[in-house]
Structure formats: C-alpha cells, structure tokens
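Below is one structure; the comments refer to it alone.
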Amino acid sequence: MADTHAHGHHHEESFISKYIFSQDHKMIAKQFLITGIIWGVIGGLMSVLFRLQLGWPLEKFPILETLLGHWAEGGQIVPEFYYALVTMHGTILVFFVLTAGLSGTFANLLIPYQIGARDMASPLLNMLSFWFFFLASAIMFYSLFLPHGPAAGGWTIYPPLSALPQAIPGSGDGMTFWLIAMALFIVSSLMGGLNYVVTILNMRTKGMSMTRMPLTIWAIFFTAIIGVLSFPALLAAALLLIFDRSFGTSFYLADIFIGGEALPQVGGSPILFQHLFWFLGHPEVYIVILPAMGIVSEVLSTNARKPIFGYMAMIYSILGITFLSFIVWAHHMFMSGLNPFIGSIFMVLTIIIAVPSAVKVFNWIATIWKGNIRFTPAMLFAIGFVSTFIAGGVTGIFLGNSTIDIQLHDTYFVVAHFHIVMALSAIFGMFAGVYHWYPKLFHGRMMNSHMGYLHFFATLLTAYGVFWPMHYIGMAGVPRRYYSFENFTTFNQFDGLNAFISACAIIGFAAQFIFIANFFLSIFWGRKSKTLNPWNSNTLEWTTPLEHFHGNWPGEIPEVHRWAYDYSKPGAENDYIPQTTPLTEEELKEPAHH
Amino acid sequence: MVGSIKIEDQSAVKKLHPHKLMLWIAIGSMTMTFAALTSAYLVKKAHGNWMDFRLPTEFLYSTLVVLASSLTMHLALSFAKKKEKSKYLSFMFATIALGIGFLMCQLAGYKALVNMGIYLSDNTTASGSFLYVISFAHAAHLIGGVAFLIIMFFKGVFSKTFFENTLGVELTSIFWHYVGVLWVYLFIFFSINY
Amino acid sequence: MAYLIGGIVFVLVLVLLYQIGTVFDLIAINKGQDDLYEKSNKYNALFMLGFMVTFLVGIVWSSVAYSDTFLPESSSEHGRLIDEMFNITLFWTGIIFFITQILLFIFAFKYRMQKGSKRKALFFPENDTLEIAWTVVPAIVLLGLLVIGVKSWNKVMSPPPAGSIEMEATAYQFGWIFRYPGADGKFGKRDYKLIDGTNSIGLDLTDEAAKDDIYTSDVFLPVDVPTLVKIRARDVLHNFYLPHFRVKMDAVPGIPTRFWFKPDVTTVEMRENMKDAEFEYELACAEMCGAGHYNMRRTVTIGTMEEFEKWLSEQVTFASLIDPDKYAMAESTESEMMETEMPSDSIMVENQELTTDSLQIN
Chain A
1 MADTHAHGHH HEESFISKYI FSQDHKMIAK QFLITGIIWG VIGGLMSVLF RLQLGWPLEK
61 FPILETLLGH WAEGGQIVPE FYYALVTMHG TILVFFVLTA GLSGTFANLL IPYQIGARDM
121 ASPLLNMLSF WFFFLASAIM FYSLFLPHGP AAGGWTIYPP LSALPQAIPG SGDGMTFWLI
181 AMALFIVSSL MGGLNYVVTI LNMRTKGMSM TRMPLTIWAI FFTAIIGVLS FPALLAAALL
241 LIFDRSFGTS FYLADIFIGG EALPQVGGSP ILFQHLFWFL GHPEVYIVIL PAMGIVSEVL
301 STNARKPIFG YMAMIYSILG ITFLSFIVWA HHMFMSGLNP FIGSIFMVLT IIIAVPSAVK
361 VFNWIATIWK GNIRFTPAML FAIGFVSTFI AGGVTGIFLG NSTIDIQLHD TYFVVAHFHI
421 VMALSAIFGM FAGVYHWYPK LFHGRMMNSH MGYLHFFATL LTAYGVFWPM HYIGMAGVPR
481 RYYSFENFTT FNQFDGLNAF ISACAIIGFA AQFIFIANFF LSIFWGRKSK TLNPWNSNTL
541 EWTTPLEHFH GNWPGEIPEV HRWAYDYSKP GAENDYIPQT TPLTEEELKE PAHH
Chain B
1001 MVGSIKIEDQ SAVKKLHPHK LMLWIAIGSM TMTFAALTSA YLVKKAHGNW MDFRLPTEFL
1061 YSTLVVLASS LTMHLALSFA KKKEKSKYLS FMFATIALGI GFLMCQLAGY KALVNMGIYL
1121 SDNTTASGSF LYVISFAHAA HLIGGVAFLI IMFFKGVFSK TFFENTLGVE LTSIFWHYVG
1181 VLWVYLFIFF SINY
Chain C
2001 MAYLIGGIVF VLVLVLLYQI GTVFDLIAIN KGQDDLYEKS NKYNALFMLG FMVTFLVGIV
2061 WSSVAYSDTF LPESSSEHGR LIDEMFNITL FWTGIIFFIT QILLFIFAFK YRMQKGSKRK
2121 ALFFPENDTL EIAWTVVPAI VLLGLLVIGV KSWNKVMSPP PAGSIEMEAT AYQFGWIFRY
2181 PGADGKFGKR DYKLIDGTNS IGLDLTDEAA KDDIYTSDVF LPVDVPTLVK IRARDVLHNF
2241 YLPHFRVKMD AVPGIPTRFW FKPDVTTVEM RENMKDAEFE YELACAEMCG AGHYNMRRTV
2301 TIGTMEEFEK WLSEQVTFAS LIDPDKYAMA ESTESEMMET EMPSDSIMVE NQELTTDSLQ
2361 IN
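Residue numbers (the working numbering), protein chains in the order written: chain A, 1 to 594; chain B, 1001 to 1194; chain C, 2001 to 2362.
Okay, structure coming up:
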C-alpha cells in the first residue's frame, strides 16, 4: 500500500480545485447537498404558489402580480402558469432534490467513508457527474424564465400534450429545455451510478465483506443499480419524443386534430411513451426512497443503541424491491386502455412489493423495541420516516389494486399516497441524514439540536396536515391537476379543507427555513463536537479526522473486523463496538454477526 | 494534483480493475438503452400500421466491416501487450479506418433507404423512423469509440510509457467489441423484423 | 419596501431562534452532560406520544366528520364492487396502520434513554420465528386481497353483455362530443382528416351507417341497461371520468378505448336520495390535457327507457350539422336546432378563452 495519505495532506490546493472543480467525494457531496437545498426551496415555493390558487381560488394576491407579471394577472395565477408550476414542482422535487440531492449527497459522502476507501473509483467521473447535474440545473432554471414558460405537460410529459406547442404553450421552448436538461441529468446520474456500484464492489477495505457493510451502503448500491438500468429507458423515451417534436416522425402521435388543422402523423402510439416512461418512472420512486431507507436503518440502530433487527432480511427485502421495481411499471397505466389481462398481472406483481416493504417496517419497529433511544434530531426524523412510510405505504395497497384504481386513479388520493410514501418519507430520510452526518460534512461542527426538534415537530404536523386530508378529497372523487373546482358540484365542496391544506403547506414551507438557518449558521457557529465520534457510532466514517483532506485517513485505512451493528452487545465495555475492533475470543466462537 | 490519489488495491476481490468493471456496468446501461428502443420497436410493430421493407444490402456490408474491425482491434491489443509498437499502430490504424468505413456504409445504407422512399420524417408509419433513430443512436456510440481509438493511436505514437500499462487499450478494445456486437444484434434484429 | 423589511425581520427571527437554540444546547451541556439527549429526551418522548394521540384521534375524528362528503353509494352495478373492494382493503390496511403506528410511537416513548438509568438496550439482532411470521402474515392478507381484486377486476373488465346500448364520447381541448349510433344501431366511419368547422369528429358521410348518427352535447342513458362507451380523443390524452358511476378510462388519440357499465339509479332517484333538487351526475376529465383540463364538465342524465328514447328523438344528426341542405332534419324543428350548441362554436370559443395562442378553426 503506497503511502498516498502523505500527498493528500500537503497538497497546496487552489481555491478552484478545492471548492469548485473538486474531485474529493466529500466536497462533491456538499455541492450536491447545497444545490439540492436550493432546488428544494424553489420547488417548495412553487407548491406554495399553486396552493394559494387551490386554497383561495377566488382571492386576489396583488403581490403575485408584482412578482410574476402576466403569469398572475390581477393577482391570480393563470391556468397555463398553474400547470407549469405543478410540472416543474414535480420535476424538480423528484429528480433534482430527491434523486440528485439525496443520492448524490449521501452516496458521495458515505460510500468511501463507510466502506473504507480513499475516494471513489473514478474521482474525475464523480466530479463530472456533479457538473453535468449543475449544467442540467442551470438549464432547467433558465427554462423558468422563457417567454412561454417552462414545460407544463406534467412531470410525466405524456405526449401528445408534451409534443405539441399548440396544445399548451409550455410544450414549445419550455419542453425543449426540459428535454435537454433531463438528458444532461440522466448522464450525470449514470456517471454517478457507475461510480457508486464499482466503488462498492471493488474498493472495500480489508475485512469489509459485503455482509459487513452498513445498510446505507446496501441501499445506495441497489439504488445505483436501479438507476443504471432504468434511466436508459427514459433516455430512449426522450430520444423518440425529440424526433417526434422536431423531425416529424410518428412514434407517439396519431390522428390528431388540433389548432384547426389535422396533423399528418398517423400510426403512432402515446401508450408506447407511457411504457417507456414508467419503465424508468416506477424504479425512480425506489431510487428516491431506498437511500432514505438505508439512512433510516443506520440512524435508528445507532440512536436506539441496538443492532438493526434482521440485517439479512433487510438486504433481501431491498433486493426484492429492486427486482420487483422493474416489473410493476404498468400499474400507472391501468386506466390507459391496457389489456385487462396484462393489468391483472401487474396488479399481482405490484401488491407483492408490499411484502418486502412490510418486512422492513416491522424490522424497524423491532429495532427500537427495548432500545435505549436518544432523540437526536436525526432520530426524530427517522421515526417520522417510519410513520410516513407506513401511512403512505398502506394506501399503495388500494392503488395497486386495479379494481380500486378505477375510482382512485388520478384523484387526490393518489396525490396523498405518493407524497406521503415517497416525498415526505424521502425528505425525512434526507433530513435524518443531514442532521446525523453534519459533523462529518462540516469538520466536527454540530447542528443546533433544539432548533432541530422544533423543525421536526413543525414539519411532521404540517406535513400530515397537508397530505392526510387529501385522502378524503380523493375519496370524494376529486381529480388531481385541477386549476379550480368551481365548475363541478361534485368537486367544489372542499373550499374549507383546501384552505386548511394550503395554510399547512405555507406554515410547513416556512418551517423549513428553521432547518436552512440551522444548516448554514452551524457551518460557522455550530458547537464543535468533543470527540471524533459524537453519536458513539460503529461505522468507519467516524474514525476519520475532523479536517477534510483528500484521502480520508491520514495513516493506513483501518481494517474491519465485524459488522456495523454491535450496539449494546452483552459483555462489551461500551454500548458500541466500532467495526475496527477485533473480535474477542468468545465472539469468534459465536456463529453470526461479524 | 488532487486527482493523483492512486486507487489502492484494497479489495479482497482483485480480479477486475475498477475501470474495467465500470465499463462493463456502463455497457449494461447502454444495452438497456437499446433494449428499450428495440422493445419499443416490437410494441409499435404489434400495434399495427407497419410497413415492411427489405433491408438494403449496404447494411450487410457495414456488418462485415464492423466484424473485420473487431478482428484488427483484437490484434492491435495483443501487439500492445507484446509491446510491438509498429504492429500495434498499424492495426490500430486499420481499426480506425474500418470504423470510418462502417460509418460510410451506414451513410450509403441511408441513401439506399431514401432511394426506396423510406424517410426519417415519415409521418405515416414509424417503421422506417425506427431504423434511422436506432442506427443513429448506435452510430453515436461508435463515433465515441472511434474517438477513443484515435486517442489510443496517438498515445501509442507519442507516449514513451504507453506500453507499460495497456489498460487504456484494453478498455477501448472492450468498448469497440461491444459496439460491434451491438450492431450485429441490431442487424439481425432488423433483418428478422422487416 | 415592506417586503424587504419583512424579509430582513424573517432572517433576524431565524438568527434569534438559532441563538436561543444554542443557549438551550449550552445549558444542557453545562450541567456536566456530554451530550444533549438526556436533557431533552423526556420532552421529545412526550411530544412523540402527544403527536401519536393527536394524529390517531385526528384521523378518526376527521374521517367521521368528512364521511358525508365522500361520494355516495355507486350508481352503477360494477361500482358497488369497487366500493366493496375499497372497504375490505380499508379494513385490513386500517388494522395494520393502527397497530404499526401505535407500536412505533409507544416504543419510541417507552424505550427512551433516561437520565441516571443504567438500563442497556437489548442485543436482539434477529429472530427467525418473528421474521417468518411478519413475512407470511402480510403475504396471506395480501393474497386474500389479490384474489378478490383479480376477481372483481375481471368482472368489471368483462366484455359487455348482449343487449347493451352503445355511445361514443370524443374528447377534445376542452370539451366532449357525444355520438349515438341512430336507428341502424351502427356507428359510421370516421377519419380525423375530415374534421373541420362543421364536422367535429370527422364523420365520413359516404358511409351509409354514418348518415343517421346522432350528435349530443350531454349524455343521457337509460337506467338498468348496460351501456358500452367507446372513448376517443381528438388531440391529446383525456380521460372519461364519471365519479358517481366509478367509471374511468383514458381517451387516447389514435387508439380507441372502451368501458361498459350499467347505471341503475336515475337522476330523479338520486335527487331524492341526496335531498338535492339540483343534483346532476357529472362527467369530468381525469387526465391532464392542457390549460382547460379543469373545465371539461358535461352532465349525465339517467332516465327510464321511454325518457331516453324521447330525448334521443329530439337530438340532431351529425349529417344535418355537416351539410344542412342535403340532410334535412326529419325529427327536429328549426327552433330546437338553434338551441343546440354547435360543436364547432364550442371549439372556437373555448380555445380562444383558454390558450394564449389563439387557435382558429379554418
């Protein structure tokens, strides 16, 4: 082993190579995180804007006209802008915050740290991955200011709506920019994913067998595999869409009469796009949720001072979810005219996913049973995650059943379901991760705990306040993506509830600034942790020095002797045994868990 | 240099160099792109409104050319491993030439298609458009491969330590074979389906 | 200016909040503790418990309070199957939901780290019996739900029974055009290239079957008769959604779709049931289709067979709309024709209202 550590430490790094074009995984993690936070604020602000319209449809807000000009004439958002907002809110949150912001941050931070590597397999590719993401971000951000607005055909960009500027103004330049940005985003994701898989497979330190890896790494590993295998389908879908939009082909378009003229395209199939899109789109929700599951497993175990319950079962359930995630996509298309027989097959496969998910939930609950729980802000969010994952998971059993889906498809019930199970859970996982690994990100500084508690309870209450009532609205049959409900006597009876939801959304959004203030102020004012290992955790990252340098460990990379979950082991001196501690004589005689 | 950290051979699994593994996974990813495109083709064909036509023979020539280039690539790699510079360079040159020849054949193929009245922007059926788009996507990958070949060729000419470590050539060769195999698959796929 | 001041105050409040938090953090540390959690653990655990009570009580209360806003019992035969499936699923998932939420928060409260306590967590990394149990039990429950689900799905999606009547719904930005097959019981051919200002669905009048096809702007269906709805879209994706009948199916340009159902509660009966003399069944669009997506309302009336036949006889044919000179209207008077909304007009008006680029019909 070459003593490369000596180099890293003494390099005179220029500002640019240290902070901008850094190849250090820790810096790249920070870059992903901060870009993700900025996108989170933008995406959240969009939801506040369209919630204003939904909550108080008859009210005028002069400030909107000041800020948005012709998009909010007379202080009320126009329908075209409303649809642009929901489209961009979805795109930004799903891809830019919960894929890049979550996976990008924690995969980069944790993989080399927790498996004991000096950096990623290819630091250069890793840097490029961020900069492609940044470029995608810049283009997507620019598209918000186009004269005809950004893409407005829904984040699922179903053609023909997304293919025809005549159908909605956002499908002109806005859609072109969307496609370019997403192509770059896909490239970024693929570069990242390749790196994550290879690093995990090939660069683990001595003794770090696959079954000794923390569950965070397992989760990120499967996330990366899903990404590498499913994003290409979106690329293919987008490629054919680009040809339909710009070169007059007819992959998706057929028999269209719009804007007073009959288009020449015949023989295309919009359903083909939906198949290709959801072949990515469904795995994508697991790309979002799996890293959060990994983080939560780690945080729950550490702060309950108990080994994660059913480590192998956790791995098998992630494996099962990964496998199934590729063969359930058509459950988004039960009502698209799909052959009913195919529909029933997809119903069966979809419902099966509930089994590994249930196993995970029970294992998490068993993990805190008879634990010795410390409510750090990270732990609070991890418990919140389990709660939202259950609440959103059970409604998945309704929607996965194609019979019930006839009624619930594209109603607010769906909005409630996927926001609770995917958006809330993933963002809770992300918060848990940030609070937990903040000392590793910022040189041993801790985030302010009491502000963290406040942030958690404010978020939990308002989040359920926003999304729980949507079940009721959905059970009343109200369709989603409606600019206003006033025209329908069936749908217009929820003004009070919608105002309540909007109020919760605004308070919840404001509460996120508690986190943002905490995050940025703690960089400078945060309490310095007294030890290297503030949470008394077992994993390898807490053996690295506080000051970052490229290469992570000043000496040799420590050797690993046991799994990551020896908490409160009987006979041990402390209630934790770091992975670097060699096995004792007695332990060697035991059959499992090292 | 920040990027100067060597990748230590830390793993218990020492069989595969990380970059090679990465390439293999990338190949898996690229395969998924083409799997998606070709299954879209099949779905669309089953859906109807399809025009069958004979694949121009030019595409058969391009298949032969790409197979020949795989052979020259293989020889170039074996000479690189034996550190025989001039033989390496000549076979690399041949591979590059064959790669460009392949692209020429494809262009001739498109020309033949146009003469048959099959255009990219055919808005009555997607059957021709699929051939164009999928082969464009393949050509884009192949052009990337040619770029790597050219880099490896000039590295062979100028770099003094080039033959110490043949990893670059190996990676290029794996990718080149993949692009070749990919085209053979696409050719068979199109031949069966038209 | 006011906004600027507001923004500054907001930032200052956050900084203040941070400082207060820091003081709390420091007080906890100064009491000789290494970490913060022992001090705050009790309160957080209590808050967790408080949240659980608020949450679960809130759920029960609100679902009772809002139950009268949910859709009334389905007005179609298959709809009751769907509702039943929903209720069965609600029952089983409800049990799982309450058990797991209660365990989660009770455990969080009960097993909090306590000051001065020497209690150690239980080293409990796995238990095969437990793990098998909570794999198998959910699997059995889900299997049960699946069996009922697949059965009802096949029933709902079965081919329409003999004696069904047919109608066709064509969706466009932003409205619907309905067609009944007329006396011959057959729909005439249509070709989208024939669509123009008067021929709203591109009906091919050279086809004999097309000549008696009837145009309507709203839906009327006979009670207790199975109806097959053929669904088409003229421009982008739409969805034919009848909430009260649990009917939903995408309208896809180029690919006709269909859905059959048997309405069995008339509009008049429904008005009595709902105690609402104004009640109308409504048709909505449930697939995002553009800026006017929320505006595609049509009414659906269910009446007796006699009422239906009478209503149908009062409607105009497409042929008379497309070529009034050649296809004089036998059944309808001049004045009735004036009242009927011309489909071409509706296209123009709504397009101009709803999109920025004004679209003109040639």
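Every residue, glycine too, gets a C-beta built ideally from N, C-alpha and C.
Cβ separation of residue i and residue j, assumed to be a contact under 8 Å, to the nearest whole Å
{"i": "serine 425 of chain A", "j": "glycine 392 of chain A", "result": "6 Å"}
{"i": "phenylalanine 2259 of chain C", "j": "valine 2247 of chain C", "result": "6 Å"}
{"i": "serine 387 of chain A", "j": "leucine 2104 of chain C", "result": "6 Å"}
{"i": "leucine 2237 of chain C", "j": "phenylalanine 513 of chain A", "result": "About 39 Å; that fails the 8 Å criterion."}
{"i": "alanine 636 of chain A", "j": "alanine 432 of chain A", "result": "In the structure displayed, chain A extends from 1 to 594; residue 636 of chain A sits before or after that span and is not available."}
{"i": "asparagine 401 of chain A", "j": "glycine 2182 of chain C", "result": "Incorrect: roughly 39 Å between the Cβ atoms, too far for contact."}
{"i": "proline 2125 of chain C", "j": "tyrosine 565 of chain A", "result": "7 Å"}
{"i": "alanine 219 of chain A", "j": "isoleucine 318 of chain A", "result": "6 Å"}
Residue range of the beta strand (DSSP E) that includes residue i
{"i": "arginine 2080 of chain C", "result": "Where arginine 2080 of chain C is concerned, there is no enclosing beta strand (DSSP E), although the alpha helix (DSSP H) it sits in stretches over 2077 to 2110."}
{"i": "valine 2247 of chain C", "result": "2247 to 2251"}
{"i": "proline 2222 of chain C", "result": "2219 to 2222"}
{"i": "histidine 2238 of chain C", "result": "2238 to 2242"}
{"i": "phenylalanine 2259 of chain C", "result": "2257 to 2261"}
{"i": "threonine 1172 of chain B", "result": "From DSSP, threonine 1172 of chain B is part of no beta strand (DSSP E) but of the alpha helix (DSSP H) over 1167 to 1193."}
Closer than 9 Å to chain A by CB, residue i
{"i": "methionine 2337 of chain C", "result": "Residue placement at methionine 2337 of chain C cannot be trusted, given a pLDDT of 45 that sits under 50; what the coordinates show is reported in the next sentence. Cβ-Cβ to chain A under 9 Å: no for methionine 2337 of chain C."}
{"i": "isoleucine 2096 of chain C", "result": "yes"}
{"i": "asparagine 1123 of chain B", "result": "yes"}
{"i": "leucine 1131 of chain B", "result": "no"}
{"i": "methionine 1116 of chain B", "result": "no"}
{"i": "tryptophan 1183 of chain B", "result": "no"}
Bounding residues of the alpha helix (DSSP H) (the contiguous stretch that carries residue i)
{"i": "leucine 190 of chain A", "result": "173 to 202"}
{"i": "glutamate 2307 of chain C", "result": "2305 to 2313"}
{"i": "cysteine 504 of chain A", "result": "495 to 525"}
Residue i at chain C interface by Cβ criterion, 9 Å
{"i": "proline 214 of chain A", "result": "no"}
{"i": "asparagine 498 of chain A", "result": "no"}
{"i": "alanine 254 of chain A", "result": "yes"}
{"i": "threonine 403 of chain A", "result": "yes"}
{"i": "leucine 355 of chain A", "result": "What sits at residue 355 of chain A in the sequence shown is valine, not leucine. Closer than 9 Å: yes."}
{"i": "isoleucine 77 of chain A", "result": "no"}
{"i": "alanine 6 of chain A", "result": "Caution is warranted here: a pLDDT of 39 is assigned to alanine 6 of chain A, below 50, making its placement in the model unreliable, and the coordinate value is therefore given only provisionally. Output row for alanine 6 of chain A: interface = no."}
{"i": "lysine 569 of chain A", "result": "yes"}
CB of residue i within 9 Å of CB of residue j, strictly
{"i": "phenylalanine 1974 of chain C", "j": "histidine 2078 of chain C", "result": "Because chain C spans 2001 through 2362 in this model, residue 1974 of chain C falls outside it and cannot be assessed."}
{"i": "phenylalanine 81 of chain A", "j": "tryptophan 71 of chain A", "result": "yes"}
{"i": "serine 1129 of chain B", "j": "leucine 1120 of chain B", "result": "yes"}
{"i": "phenylalanine 2187 of chain C", "j": "alanine 2210 of chain C", "result": "yes"}
{"i": "valine 285 of chain A", "j": "phenylalanine 385 of chain A", "result": "no"}
{"i": "leucine 253 of chain A", "j": "glycine 2254 of chain C", "result": "yes"}
{"i": "threonine 580 of chain A", "j": "proline 558 of chain A", "result": "yes"}
{"i": "asparagine 448 of chain A", "j": "phenylalanine 375 of chain A", "result": "no"}
{"i": "tyrosine 412 of chain A", "j": "tyrosine 2066 of chain C", "result": "no"}
Proximity test, Cβ basis, 9 Å: residue i and chain B
{"i": "proline 159 of chain A", "result": "no"}
{"i": "leucine 583 of chain A", "result": "no"}
{"i": "proline 264 of chain A", "result": "yes"}
- Message: To test your reading of the DSSP string, which unbroken alpha helix (DSSP H) runs of 4 or more residues are found completely within the region 2130 to 2214 of chain C?
- Response: none
- Query: Where in the region 89 to 130 of chain A do unbroken runs of the alpha helix (DSSP H), each at least 4 residues long, occur, reported from the N-terminal end onward?
  - Reply: 105 to 115
- Message: Could you tell me which whole alpha helix (DSSP H) segments of length 4 or greater appear in the region 49 to 88 of chain A?
- Response: 62 to 68
- Task: Pick out the complete alpha helix (DSSP H) segments inside the region 298 to 327 of chain A, 4 residues or longer, and give them in chain order.
- Result: 311 to 325
- Item | Cβ-based contacts, 7 Å cut-off: residues of the region 2241 to 2253 of chain C near chain D | The chain inventory of the structure shown lacks chain D, comprising the protein chains A, B and C.
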